[in-house]
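Quick notes on the structure that follows.
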Amino acid sequence: MNLIRYQAPELASNRWSTLRDELDSFFELPFWSSFPRAGQLFTGWSPALDLYQNTDNIVAVVELPGMRKEDIEISLHDGTLTIGGEQKREGRGNDKAERTERYVGTFRRSITLPTRVDASKVNAAYRDGILTVTLPKAEEVRPKQIQVS
Amino acid sequence: MNTLTRENRDADRAQVDQFIAPPASVIEAGEGYTLELEMPGVTKDGLDISVENNELTVVGQRSLPTVQGTLIHHESRSNNFRRTFELDPSIDADKISAKIEQGLVTLTLPKAEHVKPRKISVS
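So the sequence lines, in the order shown, correspond to chains H and C. Note that this note's numbering has the first sequence beginning at 9, numbered continuously upward. Note that this note's numbering has the second sequence beginning at 1340, numbered continuously upward.
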């Protein structure tokens, strides 16, 4: 008597998910895991940035989830605001990454500001993973009220 | 099955459009799994985590800062977050814990006692 391995009939939809898992597991091979994330290998990470303008300020709002305040760098040079830093990976040596969609590593993001700002009065706040940088406009570009005498 | 958290992409297809699926990372350590989800703009109050029929759902309602002025450059999406995972049978669903720090949700999913590796001593 032979023992034959029982093979369950496969549904078409199961095949697709098997294929997807196989593709996923290909990118989870040790070779790929030495990179932060295969898909971001060439693009890096570019956090979403919004820019607002009101009478007194330019305000930049950047999505930077899960960072430490100390790891965020903000600089202003020649009318260009640059936000950079490092997304560090927590964990111990034996941990195994099953899925890595979060970006790990350094990043840098620049944007040209529409008006001149007063670099000495820039203020930044980091809350709930959102960085808000308030850049007061330079005195000479602020709208002025001229009194009629 | 070697992934703890198989994603249920087809569940609630109709609802998917209203939500953004947040980027997630899953790390396996000996005693369980750690699941991280990026949800900038979500506070503790806006976070809703539930397990039903072995399916883990994480929903994050965002409370974004309101800025006075005109939006002159726009990249962000203001949608709320939602993502569903199928729990591996080895996970003890009653012992899942979660925290949120700077928009990063960290879930700790311990394995059930009976699946943890153990040494059997020979007497």
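Note that CB positions come from ideal geometry on N, CA and C, so glycine has one too. On a predicted model such as this, the values are computed, not experimentally measured, just so you know.
Can you tell which of the options has its C-alpha closest to the C-alpha of residue i?
i: proline 1379 of chain C; options: H:Arg150, H:Gly137 and H:Ser157; result: H:Gly137
i: asparagine 1393 of chain C; options: C:Leu1426, C:Pro1449, C:Tyr1372 and C:Asp1433; result: C:Leu1426
i: serine 1429 of chain C; options: C:Gln1357, C:Gly1371 and C:Leu1386; result: C:Gly1371
i: leucine 121 of chain H; options: H:Asp103, H:Lys152, H:Thr88 and H:Arg110; result: H:Thr88
i: histidine 1413 of chain C; options: H:Ile82, H:Val70, H:Ile91 and H:Thr108; result: H:Val70
i: isoleucine 1366 of chain C; options: C:Ser1415, C:Lys1455 and C:Leu1448; result: C:Leu1448
i: alanine 1363 of chain C; options: H:Pro73, H:Thr63, H:Ile91 and H:Gly93; result: H:Pro73
i: arginine 135 of chain H; options: C:Thr1382, C:Thr1409, C:Glu1377 and C:Gly1369; result: C:Thr1382
i: phenylalanine 1434 of chain C; options: C:Gln1441, C:Leu1446 and C:Gly1442; result: The sequence given here places lysine at residue 1434 of chain C; phenylalanine does not occur at that position. Looking at the Cα atoms, C:Leu1446 is the closest of the given residues.
i: glycine 1369 of chain C; options: C:Glu1452, C:Phe1358 and C:Gly1442; result: C:Glu1452
i: glycine 1399 of chain C; options: C:Ile1411, C:Glu1375, C:Asp1384 and C:Lys1455; result: C:Asp1384
i: lysine 145 of chain H; options: H:Ala105, H:Arg110 and H:Asp64; result: H:Asp64
i: glutamate 1375 of chain C; options: H:Ala127, H:Glu109, H:Thr140 and H:Ile154; result: H:Glu109
i: valine 67 of chain H; options: C:Ser1402, C:Ile1411, C:Lys1458 and C:Phe1420; result: C:Ile1411
i: aspartate 1387 of chain C; options: C:Thr1409, C:Thr1405 and C:Thr1423; result: C:Thr1423
i: glycine 92 of chain H; options: H:Glu106, H:Arg116 and H:Met75; result: H:Arg116
i: glutamate 148 of chain H; options: H:Ile154, H:Ser118 and H:Val125; result: H:Val125
i: isoleucine 82 of chain H; options: H:Thr90, H:Ile119 and H:Lys104; result: H:Thr90
i: glycine 52 of chain H; options: H:Tyr111, H:Ser128 and H:Gln155; result: H:Tyr111
i: arginine 1390 of chain C; options: C:Asn1419, C:Ala1437 and C:Asn1418; result: Correcting the residue identity first, residue 1390 of chain C is valine in this sequence and not arginine. Taking only the C-alpha atoms, the option nearest valine 1390 of chain C is C:Ala1437.
i: methionine 75 of chain H; options: C:Ser1402, C:Glu1377, C:Gln1357 and C:Arg1401; result: C:Glu1377
i: lysine 1450 of chain C; options: C:Thr1373, C:Phe1358, C:Gln1357 and C:Ile1359; result: C:Thr1373
i: valine 1397 of chain C; options: C:Val1444, C:Ile1459 and C:Ser1462; result: C:Val1444
i: alanine 133 of chain H; options: H:Gln153, H:Lys77, H:Asp103 and H:Ser54; result: H:Lys77
At least one CB of chain H closer than 8 angstroms to the CB of residue i: is that the case?
i: glycine 1408 of chain C; result: yes
i: alanine 1368 of chain C; result: yes
i: isoleucine 1430 of chain C; result: no
i: glycine 1380 of chain C; result: yes
i: proline 1449 of chain C; result: no
i: glutamine 1400 of chain C; result: no
i: histidine 1412 of chain C; result: yes
i: proline 1456 of chain C; result: no
i: leucine 1443 of chain C; result: yes
i: glutamate 1394 of chain C; result: no
i: glutamate 1391 of chain C; result: no
i: leucine 1452 of chain C; result: Correcting the residue type first, residue 1452 of chain C is glutamate in the shown sequence and not leucine. Not an interface residue.
i: glycine 1371 of chain C; result: no
Given that residue i touches chain H, what residues does it touch there, using C-beta distances under 8 angstroms?
i: alanine 1363 of chain C; result: Arg107, Glu109 and Arg110
i: serine 1415 of chain C; result: Ala56, Leu57, Asp58, Val69 and Glu71
When you compare the CB of residue i with every CB in chain C, is at least one pair closer than 8 angstroms?
i: leucine 72 of chain H; result: yes
i: alanine 56 of chain H; result: yes
i: leucine 49 of chain H; result: Note on leucine 49 of chain H: pLDDT 49, under 50, position unreliable in the model; no value is reported.
i: glutamate 18 of chain H; result: Confidence in glutamate 18 of chain H is poor, its pLDDT being 45 and thus under 50, which makes the residue's placement unreliable; the coordinate value appears in the next sentence. Closer than 8 angstroms: no.
i: asparagine 62 of chain H; result: yes
i: isoleucine 138 of chain H; result: yes
i: proline 122 of chain H; result: yes
i: proline 44 of chain H; result: Note that proline 44 of chain H scores a pLDDT of 46, beneath 50, so its modelled location is shaky; the value from the coordinates is reported in the next line. It does not: the Cβ of proline 44 of chain H has no partner Cβ on chain C nearer than 8 angstroms.
i: serine 41 of chain H; result: With a pLDDT of only 49 at serine 41 of chain H, under the threshold of 50, the placement of this residue in the model should not be trusted; the figure read from the coordinates follows. No, no contact with chain C.
Could you name the residues of chain C that residue i contacts, counting a contact when the two beta carbons are closer than 7 angstroms?
i: aspartate 103 of chain H; result: Ile1366, Glu1367 and Ala1368
Quick one: list the residues of chain C neighbouring residue i, beta-carbon separation under 9 angstroms, in chain order.
i: isoleucine 91 of chain H; result: Neighbours of isoleucine 91 of chain H on chain C: none; closest Cβ ~13 angstroms, over 9 angstroms.
Please check the pair residue i and residue j, which I expect to be a contact at CB under 8 angstroms, by giving their CB distance rounded to whole angstroms.
i: aspartate 57 of chain H; j: valine 130 of chain H; result: The residue you asked about is not aspartate; residue 57 of chain H is leucine in the sequence shown. At roughly 16 angstroms, the Cβ-Cβ gap does not stay under 8 angstroms, so leucine 57 of chain H and valine 130 of chain H are not in contact.
i: leucine 139 of chain H; j: isoleucine 80 of chain H; result: 6 angstroms
i: glycine 1408 of chain C; j: glutamine 95 of chain H; result: Their Cβ separation, rounded to whole angstroms, is 29 angstroms, which puts glycine 1408 of chain C and glutamine 95 of chain H out of contact at 8 angstroms.
i: phenylalanine 1420 of chain C; j: proline 1456 of chain C; result: Their Cβ separation, rounded to whole angstroms, is 35 angstroms, which puts phenylalanine 1420 of chain C and proline 1456 of chain C out of contact at 8 angstroms.
Which residues in chain C have a C-beta closer than 8 angstroms to the C-beta of residue i? List them in chain order.
i: isoleucine 119 of chain H; result: His1412
Closer than 9 angstroms by beta-carbon distance: list the chain H residues that pair up with residue i, in chain order.
i: glutamate 1425 of chain C; result: None at all; the shortest Cβ gap to chain H is about 11 angstroms.
Those runs of the beta strand (DSSP E) which lie wholly inside the segment 84-135 of chain H and span at least 3 residues
88-95, 104-108, 113-120 and 131-135
Unbroken stretches of the beta strand (DSSP E), 3 residues or longer, contained in the segment 1379-1412 of chain C:
1381-1391, 1394-1401 and 1409-1412
Beta strand (DSSP E) runs contained entirely in the segment 50-74 of chain H, provided each spans 3 or more residues
57-61 and 65-71
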